[in-house]
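Worksheet: the structure to be examined is printed underneath.
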Amino acid sequence: MARQDTPGTETDSDFGLLIDGQLVAGTDMLDVINPATGQVFARCPAAGRDELDRAVAAARRAFPQWRSRRYADRADHIGRFCQALRAKREQLASLLTMEQGKPLRQSEDEITRATTQSEGLTRIAIEPQLLEDSNERRIEVQFFPLGVAGIITPWNAPINLAAGPLTSALYTGNTVILKPSPYTPLCTLKLGEIARNVFPPGVINVLAGGDDLGRQMTEHDGIDKIAFTGSVESGKAVMAAAARTLKRVTLELGGNDAAIVLDDADPKAIAPKLFFASFVNSGQVCMAIKRIYAHERVYAALCDALVEEARKARVGSGLEPDTQLGPIQNREQYDRVLGILDDTRRSGARILAGGVVPRGDGYFIPPTIVADIDEDSRLVREEQFGPIVPVLKFSDEQDAVRRANDTRYGLSGSVWSADPERAAAVASQLEVGTAWVNHHRATSATVPFGGAKESGIGRVYSETGLKEYLEARVVSVLKSA
Ligand code: NAD
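Just so you know, we're using the working numbering here: the sequence shown kicks off at 14 and counts up by one.
Pasting the structure below:
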C-alpha cells in the first residue's frame, strides 16, 4: 500500500510480526480503523497457522536458556524494555490513541502505568518455601516456570493489559507468544519491535491476528499456559479448549461492578470520583463502575451531582487536547451500547444526562446517566462496557449488598461513606476479587487483582499473580540414607 498524505497515516511496512527475533510479514493483512473517524488508517500483517507454529518453535527453543537465568538478570532485561518503552512514549501514545480512541493523556498514562507496574513486579522475590528442616528430613517447595505462555489481550487497554501478563511470564522464566485484539494490533506490534532490541530471539514473539489465531493458540500442543484477558464468553471457550492439553489458564474477564453509596456519604464530594471511575475510557474498562446503588437519603443529590459532571465532560477525538472521553473503540461495541441505550429508553427509565448520539462517522456516545431503572433491565444485568451508567435507589444496606451480588460477575466493587470502617464492613460482604472503600479502580504491582465468580480465574500482580506462571515442586529429603 502506498503511503497516503494524511498525517499520522501508517503504511504496511511500518509493522511486522515478531518471530524468533525477526520482524516478518504474515499470511494475511488486518485493516485498522480509527474509531474517532470510522476510517481505516493503517494495515498490518496478521499471522496464520504457519507463523504460529514458527513462533511456538522459537519460544520453545529459547526457553531452556531463558529459564536458566537468574531472576535479577531477567528483571534487568525487563527494566531495559521499560526504559525503551518510556523513550518511545509519545509516538506509542499517539498510535494508541489512533487505534483505541482514548485521549492522548490517558494513552501516555497507560504506558507509564505499564512500565511502573512491570518494574514493580520485578521487585517481588520468589523464594523456595522451607516447610520442614528437622534431624530426619528437609521438605522444600520450589517453583519452576511452565514453559511457553500464550498471552491474549482485548482492545480497551492493549499496552497495560499486555504488560502485566508479559512481565509476569518473562520474569518467572517463561517465554511468550503475545496476541493482541484484531481491533488494536498496532501498539502491541510496536512493543514487539522494542522487545526485539532487548530480549534474546524467541523469548518474546508477537503475532497479530483474529479470534481464530487465539483459538489456535489455546489448542496448540507447544503452548503450556494461556493468560487470557477478554469477555466471559471467550474466556469459557478458552478454558474448554485448554482442557485438551491441560494448559494452565489465567482468565481476566468482564465485570459488572457495583458502587454502593451509603446514607452518610457526601454526594457532591464523591460525584467526580464516581463519574471518573464509571466513564474513564468511555466506560470501556473491566473494573469501571457499571451500576451505582445510592441510599434514598442521598439519591437525588447524587443524581444531580453526576449530571453536572456529565455535562462538563468533553467528548471528542482523543487527539484533541481538551478531550476527556473518546469514542467507543469499534463499530460492533458501539452498536451493542446503542442497543442497550434503546432498550433503556423504551423501558421508561429516566435519562438524566446524555442519551443523544451525535451524527457522524466516529463512534461517539456522550456520558449518559440513567435513573429509576428496573433491576431486570439489560443496562443493570449486562456488562454495558460503554458510557451509560444506571443509578439505583436503596433504603436498606443489606438489600443493596444483595442486589450488588445478584450477578454472575464478581470482578470488583466499592462502598462510599463518611465512615470508612462502616463502609469496610459492607465491602467485606461483596462477592468480588477487589472491594474498594471510598475509591474504585486502583491496582498496583504488589496487590493481587482478578475476578470472583464468572469474572475470572486466577490473579495478576503480586506474588500470587507471579505464581500463576510457576509450577510448585516439592523436594522431600530423608536425611538418613
Ligand atoms: P473478546 O473476548 O472478544 O476478545 C479478547 C481477545 O480474545 C482478542 O484478542 C480476541 O481475538 C481473542 N479471542 C476471542 N475469542 C477467542 C477464543 N475463542 N479463543 C482464544 N482467543 C479468543 O473481548 P474484547 O471484546 O476484546 O474485550 C472486552 C472484554 O474484555 C470485556 O468483557 C472486558 O470486561 C474484558 N476485560 C477484562 C479485563 C480484566 O482484567 N478482568 C480487562 C480488560 C477487559
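Beta carbons are placed, not taken as given, at the ideal position from N, Cα and C, and that holds for glycine.
### Message
As an exercise, report each continuous alpha helix (DSSP H) stretch of at least 4 residues that is fully enclosed by the segment 118 to 185, in chain order.
### Response
Every alpha helix (DSSP H) stretch that sits fully inside the segment 118 to 185 and reaches 4 residues is listed by chain position as 171 to 184.
### Query
Can you list, in chain order, the residues of its chain whose CB lies under 7 Å from that of P20, leaving out five sequence neighbours each side?
With a pLDDT of only 42 at P20, under 50, the local geometry of the prediction cannot be trusted, and no value is derived from it.
### Message
Give me the residue from V369, T420 and T381 with the minimum Cα distance to E388.
### Response
Nearest C-alpha to E388: T420.
### Task
Give every residue of the same chain whose Cβ lies closer than 8 Å to the Cβ of D18, excluding the five residues on either side of it in the sequence, and list them in chain order.
Confidence in D18 is poor, its pLDDT being 33 and thus under 50, which makes the residue's placement too unreliable to answer from.
### Task
Tell me, to the nearest whole angstrom, how far the beta carbon of P195 is from that of L43; I am working on the premise that it is less than 8 Å.
Right, the Cβ-Cβ distance comes to about 6 Å (below 8 Å), so this counts as a contact.
### Query
Got a sec: does the ligand NAD put a non-hydrogen atom nearer than 7 Å to the Cβ of I470?
No, the Cβ of I470 stays beyond 7 Å of every heavy atom of the ligand NAD.
### Task
Run through the segment 286 to 360 for me and flag every whole alpha helix (DSSP H) of 4 or more residues, listed as ranges in chain order.
For the segment 286 to 360, whole alpha helix (DSSP H) runs of length 4 or above, ordered along the chain, are 309 to 325 and 344 to 359.
### Task
Return the residue from the list A162, I152 and L204 that minimises the CA-CA distance to S489.
Nearest of A162, I152 and L204 to S489, Cα basis: I152.
### Query
Secondary structure at E410, three-state DSSP: helix, strand or coil?
Reduced to three states, the DSSP call for E410 is helix.
### Message
Short of 6 Å in beta carbon distance, which residues of its chain neighbour T231, apart from the five on each side in sequence? Order them along the chain.
### Response
Once the five neighbours on either side are set aside, the close Cβ partners of T231 are I239, V251, A254 and A255.
### Message
Check this for me: beta carbons of F94 and I207, under 8 Å apart or not?
### Response
Annotated as proximal: F94 and I207, with beta-carbon spacing under 8 Å.
### Message
Would you say the beta carbon of W79 is closer than 7 Å to some non-hydrogen atom of the ligand NAD?
### Response
Outside the cutoff, so no.
#### Entry: D279 - containing beta strand (DSSP E), residue span
From DSSP, D279 is part of no beta strand (DSSP E); its letter is neither H nor E.
### Task
Quick one: residues in its chain with C-beta nearer than 6 Å to the C-beta of E476, no 5 flanking neighbours on either side, listed in chain order?
Only I137 meet the Cβ criterion.
### Beta-ladder partner(s) of F241, from DSSP
Residue pairing by DSSP puts F241 in a beta bridge opposite I165 and L264.
### Message
I'd like the list of long-range same chain contacts for I470, defined as Cβ closer than 6 Å, with 5 residues on each side in sequence excluded.
### Response
L264, listed in sequence order.
### Message
Tell me whether the segment 405 to 422 and the segment 441 to 454 touch, counting them as touching only if at least three CB pairs, one residue from each stretch, are closer than 8 Å.
### Response
Contact annotation: the segment 405 to 422 touches the segment 441 to 454, with at least three C-beta pairs closer than 8 Å.
### Task
State yes or no: is the C-beta of N169 nearer than 7 Å to some heavy atom of the ligand NAD?
Relative to the ligand NAD, the nearest heavy atom lies less than 7 Å away from the CB of N169.
### Task
Determine the DSSP secondary structure at D27, reduced to helix, strand or coil.
If DSSP states are grouped into helix, strand and coil, D27 belongs with the helices.
### Message
Here's the rule: buried if 16 or more other CB atoms are within 10 angstroms of the residue's CB, otherwise exposed. What is L392?
### Response
L392 is buried by the Cβ-count criterion.
### Query
Does the Cβ of K406 lie closer than 7 Å to at least one heavy atom of the ligand NAD?
Not under cutoff, so the answer is no.
### Query
Short check: CB of V404 to CB of A323, under 8 Å?
Going by C-beta atoms, V404 is not nearer than 8 Å to A323.
### Task
Measure the C-alpha to C-alpha separation of A97 and I124 and round it to an integer number of angstroms.
A direct Cα-to-Cα measurement between A97 and I124 gives close to 11 Å.
### Message
Using only the alpha-carbon positions, how far apart do S81 and G186 sit?
### Response
Using only the alpha carbons, I get a separation of about 8 Å.
### Task
With DSSP as the reference, label G478 as helix, strand or coil.
Correct three-state label for G478: helix.
### Query
Do M111 and F54 have their CB atoms nearer than 8 Å?
Cβ atoms of M111 and F54: closer than 8 Å.
### Query
Under the three-state reduction of DSSP, which class applies to S427: helix, strand or coil?
It is a strand residue.
### Query
How about the segment 294 to 308 and the segment 267 to 274: do they share at least three Cβ pairs that are nearer than 8 Å?
Output reads yes: the segment 267 to 274 touches the segment 294 to 308.
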